[in-house]
Amino acid sequence: MNRIADRLLAVLLLAIGMLCFTRVYFALGGEGAGEGFASVRLAFFGAAGVVSALAALLFWAGLLPGRSTHDPKTPLFGRGAETQPGGRPRLRRLFAVVPFLAVLALVADQLGPWSRQPQDAGRSLIAEQTVPSAPEGQDVTSAPAPEPEAIQPPTPASPSEVALAPPVSPPEPAPAAPPQTVAPLPQAPPPQPTQPDGHREPVVWLAVAPDGHSIMSASTDRTIKLWDIDGKRLIRTLGVHKDMARTALFLPDGARALTAGDDGEIVLRQLADGAVLHVFSSGQNGGVNKLAISPDGKRAVSGHDTGRVIVWDIEKGSVLHVMPGHDWSISGVAVSPDGTRAISGSIEGTLKLWDIATGKQLRSWHGHERGPYGIVFMADGHHLITGSGDYTIKLWDLDTGREVRRLDGHSGTVYALALSTDNKRLLSGSLDGTARLWDMETGSETALFDSRSGPVYAVAFAADGTVLTGGYDRTIRDWPAGGGDAVVLFPGAPE
1152 MNRIADRLLA VLLLAIGMLC FTRVYFALGG EGAGEGFASV RLAFFGAAGV VSALAALLFW
1212 AGLLPGRSTH DPKTPLFGRG AETQPGGRPR LRRLFAVVPF LAVLALVADQ LGPWSRQPQD
1272 AGRSLIAEQT VPSAPEGQDV TSAPAPEPEA IQPPTPASPS EVALAPPVSP PEPAPAAPPQ
1332 TVAPLPQAPP PQPTQPDGHR EPVVWLAVAP DGHSIMSAST DRTIKLWDID GKRLIRTLGV
1392 HKDMARTALF LPDGARALTA GDDGEIVLRQ LADGAVLHVF SSGQNGGVNK LAISPDGKRA
1452 VSGHDTGRVI VWDIEKGSVL HVMPGHDWSI SGVAVSPDGT RAISGSIEGT LKLWDIATGK
1512 QLRSWHGHER GPYGIVFMAD GHHLITGSGD YTIKLWDLDT GREVRRLDGH SGTVYALALS
1572 TDNKRLLSGS LDGTARLWDM ETGSETALFD SRSGPVYAVA FAADGTVLTG GYDRTIRDWP
1632 AGGGDAVVLF PGAPE
């Protein structure tokens, strides 16, 4: 118990020492009644702080024991007895009393009349600046205010008193200001049209139906919407994912669709009424970043944020393969025209070619400095096009893994690609806010579509050959294939 009491006393003494050192800090600033008084305070509180800190150390270490005590677990007599120290009571009292005297001095220093002197001095300084000084011997408080002097007409001076003033030269005219041309403020862009049933957040995917009369869109607002192109109306909100919707694909039969999102679910839906026919859950394999289906509609390939690629049997509702070949999140997937192979790309730029039937990896190479987000196969099945976060579009020979052509022009991530049915035109959408049309035979850019409203996340070819885009501004636009201004096909919802 004595040991615990000494340690509690040590903590208290340390706190007193800290208070003393605080007052030393203020004494160094000259606070109080004069420099001499500040020096005395500095010496006193400095010494008291040192003594308190030293006493705290000694009491904590047990170097100032009190009266001799005996451990009941040791014998009082004989060889087993322990010799106990006699104690240092006087030294204990000295080191305990001095700090408590310092406490009394702290209280007196805080409540003394000199503690208010700095504020009085500040008020007197203000008074000196605002009240004019009186002549010597005159009482300022009793002196009457001076009467205003009456305005007297000037007395004419005698001729002898007139002095000729030096001639005053007229002031030089100020230089004329140079002419100015003030540029007007740029006109604010016209407000975008809205519709209540439009997307409330960015459109990240577009797909055109096999018959060309409708399109599906996926949005970060978690919804999948089905639109009538001919009637320019919303047919229905096809479904809602639990998290961001990423992909929406028509099946070849034109009656069903597959949608996927960050909730890790791939949902088979009926287009006629949006009814859910089946749910493919990725479980612990993570959210579905991208989804592709085989041309016959029997297989689906999904890429996940865990780096895994999964092959699904749509007809049987089962999993065929889970391929854990990537170390990073998947950014894009595609299925070859014959449905036998799949390509996947991850965010660090690696591309992998897979055999769908066996799940085996056929080829792997580092194709980009950053992730390939847009991936499409050419019709021959031997060439692949990728668009990436390094702003480039590349054409690959899959038989050799060699880069055949590079398309440069975008100044932001190439986020989406679409290939025309004749394989002669490539459409790209980018985070630089533009979509571009490319001639695949020459590699030249043939048209530029500038949204002027933020990143373009989704692109597609309409049945009539025009260009469809969706992006950050929540709208779906239709552009002339040769370039020019877009028509807002389906506006976003009001903000």
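Residue numbers for the sequence shown follow my numbering, so the first one is 1152 and each next one is one higher. Virtual Cβ for every residue (Gly too), placed ideally from N, Cα, C. Nothing here was measured: the structure is a model prediction, and the numbers come from that model.
_For residue 1157, three-class secondary structure by DSSP_ = helix
*With respect to the beta strand (DSSP E) encompassing residue 1539, which residues constitute its N-terminal and C-terminal limits?*
1534 to 1539
*Strand pairing of residue 1331, partner residues [DSSP]*: In DSSP, residue 1331 forms no bridge with anything.
_Identified DSSP bridge partners for residue 1356_ = 1369
*Rounded separation between residue 1173 and residue 1167 - CA only*: 10 Å
*asked:* If you reduce the DSSP assignment to three classes, tell me which class residue 1482 lands in.
replied: strand
*asked:* Please report the distance separating the alpha-carbon of residue 1626 from that of residue 1505.
replied: 36 Å
*Flag this pair as touching only if the stretch 1326 to 1335 and the stretch 1602 to 1610 have three or more C-beta atom pairs under 8 Å; answer yes or no.*
no
*Hey, which unbroken runs of the beta strand (DSSP E) at 3 residues or more fall wholly within the stretch 1547 to 1609?*
1553 to 1558, 1565 to 1570, 1576 to 1581, 1585 to 1590, 1596 to 1601
_What does the alpha-carbon distance come out to for the pair residue 1503 and residue 1445?_
17 Å
*Would you mind sorting residue 1418 into buried or exposed? The rule is 16 or more other CB atoms within 10 Å of its CB.*
buried
*Alpha-carbon spacing of residue 1464 relative to residue 1449, whole angstroms*: 6 Å
*Among 1646, 1459, 1403, the one whose alpha carbon lies nearest that of residue 1415*: 1459
*Do residue 1206 and residue 1164 have their C-beta atoms closer together than 8 Å?*
yes
*Quick one: is the Cβ of residue 1643 within less than 7 Å of any heavy atom of the ligand FAD?*
No copy of the ligand FAD appears in this structure; indeed no ligand is present at all.
*Report back the beta-carbon spacing between residue 1495 and residue 1440 to the nearest angstrom; my notes put them in contact at under 8 Å.*
No, residue 1495 and residue 1440 are not in contact; Cβ-Cβ is about 10 Å, not under 8 Å.
*Excluding the five sequence neighbours on either side, which residues of its own chain have a C-beta within less than 8 Å of the C-beta of residue 1534, listed in chain order?*
1528, 1546, 1547, 1548, 1549, 1555
_I need the DSSP call for residue 1475, collapsed to helix, strand or coil._
coil
*Please work out which residues of its chain come closer than 7 Å, Cβ to Cβ, to residue 1560, disregarding the five sequence neighbours upstream and downstream, and give them in chain order.*
1587, 1596
*Stretch pair the stretch 1394 to 1412 + the stretch 1474 to 1481: three plus CB contacts closer than 8 Å*: no
*Please check the pair residue 1385 and residue 1348, which I expect to be a contact at CB under 8 Å, by giving their CB distance rounded to whole angstroms.*
5 Å
_Local Cβ density within 10 Å of residue 1183, reported as buried at 16 or more and exposed below that_ = At residue 1183, the pLDDT of 41 sits below 50, so the modelled position is not reliable; the number obtained from the coordinates is stated separately. Buried: at least 16 other Cβ atoms inside 10 Å.
*Using DSSP with H/G/I as helix, E/B as strand and the rest coil, what is residue 1425?*
coil
*Where does residue 1656 sit, in a helix, a strand or coil, going by DSSP?*
Here the chain covers residues 1152 to 1646 and nothing more, so residue 1656 does not appear.
*Those residues which DSSP pairs with residue 1416 across a bridge*: 1432
_Between which two residues does the beta strand (DSSP E) holding residue 1524 run?_
1523 to 1528
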